[in-house]
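Taking this note's numbering, I'd label the letters of the sequence shown as residues 1242 to 1494. Working notes, beginning with the structure itself.
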Amino acid sequence: CIQTIQMRGSNHFIMTYVICCLVYLSIFVLLVFSTPTFFDDKKGNKNGVKCILFYDKQYEVREKVIYITKCATMYKKICQPVSTIQLQNAYVNECKTNYIESCHTSYSVVKEMSCKNYQKEYCDQISSTQHQQNCVIAYEKKCNSYDGKCILKPKHKCSTIPVPIIVKNCNNFPKKYCHTPNKSIPKTICRHIPTQNCGKILKNIPRKVEKKICSKVPSTNCSKVPRTKTFTVPVIVPRKVCEKVGEKKSKKY
């Protein structure tokens, strides 16, 4: 039994084989002690009692917990994404490129000599005399003959005096003037400018559509469930039958 327990190692087998060993041990004890044993109880009793020891086999009801495997099948829904291509009508913004001519005027600068004849005035200064009138205010005293009062009356007195002046004397002389001015010459430059005209057009467009394909996959779930098991175990119970020496009837204790 001990070797079997060591080989198995699990709790379930340990309990089973322990019970097995106990049963074998009980049978062994029953076989050995099934014969009644006689002994004299005279030493412990003054009257002297003779006893016979019997071994009775009885059964006891016992319980033990065992674990059974219980399984249940369950279905789990598993889905996988699948991509498909479908054509769908949709308005698409489409553009066309047109070219428009755009022109502008550009000026190029050219240097060209230009000459012209003109009269140039040369002047110098000369001294001359100019007569100017010089006037001053003089006061005359006039008196009245009847009362003898006098008053001063202003009176202008002018005279011509020579005044030296500087006179400008100019003469014209012919002269030619030439110069090279910057002359702007206009030139038209044109170029084509791209422009886009956009609008919505109905088209069939392939689009990727995601779908799910689902299926039920069975799965088995098992678990250990405790159960109480009832069993009987043989038990050897000693029984002593005694009688006094000299008496025919036995007295049980």
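Each residue gets a CB set at the ideal place from its N, CA and C atoms; glycine is no exception. What you are looking at is a predicted structure, and each value in this text was computed from that prediction instead of being measured.
Are three or more beta carbon pairs between the segment 1463 to 1482 and the segment 1295 to 1314 nearer than 8 Å?
Enough Cβ pairs lie closer than 8 Å, so yes.
Nearest by alpha-carbon distance to ASP1365: which of TYR1387, ILE1407, TYR1332, PRO1447 is it?
The shortest C-alpha separation from ASP1365 is found at ILE1407.
What residue range does the beta strand (DSSP E) around THR1338 cover?
Run containing THR1338: 1290 to 1352, per the beta strand (DSSP E) assignment.
Could you spell out the range, first to last residue, of the beta strand (DSSP E) harbouring THR1471?
Unbroken beta strand (DSSP E) run through THR1471: 1423 to 1485.
If I measure Cβ to Cβ from SER1456 and keep anything under 7 Å in the same chain, skipping five residues before and after, which residues do I get?
For SER1456, where only same-chain residues beyond five positions count, the Cβ hits under 7 Å are ILE1319.
Can at least three beta-carbon pairs, one atom from the segment 1350 to 1357 and one from the segment 1416 to 1423, be found at a separation below 8 Å?
Output reads yes: the segment 1416 to 1423 touches the segment 1350 to 1357.
Between the Cα of LYS1453 and the Cα atoms of ASN1358, VAL1290, PHE1295, SER1324, which residue gives the shortest distance?
If we check each option's Cα against that of LYS1453, SER1324 comes out closest.
Leaving out five residues before and five after LYS1398 in sequence, what residues of the same chain have Cβ atoms less than 6 Å from its Cβ?
Closer than 6 Å at the Cβ level, and outside the excluded window around LYS1398, lie VAL1377, ALA1379.
Just how far apart, CA to CA, sit THR1346 and ILE1430?
Roughly 6 Å separates the two Cα atoms.
Which one of CYS1292, ARG1448, CYS1356 has the shortest CA to CA distance from ASN1416?
First, the amino acid is wrong: residue 1416 is Lys here, not Asn. Considering only alpha carbons, the answer is CYS1356.
Grab the span of the beta strand (DSSP E) containing ASN1412 for me, first residue to last.
Run containing ASN1412: 1391 to 1420, per the beta strand (DSSP E) assignment.
With DSSP as the reference, identify every bridge partner of SER1369, one or two as the case may be.
ILE1406, per the DSSP bridge assignment.
Comparing alpha-carbon positions, which option in SER1368, ASN1412, VAL1450, GLN1374 lies nearest LYS1405?
Sequence check: residue 1405 is Pro here, not Lys. For PRO1405, the nearest C-alpha among the options comes from SER1368.
Cutting at 8 Å between CB atoms, please list the residues of its own chain near LYS1428, excluding the five before and the five after it.
Closer than 8 Å at the Cβ level, and outside the excluded window around LYS1428, lie THR1346, SER1347, TYR1348, SER1349.
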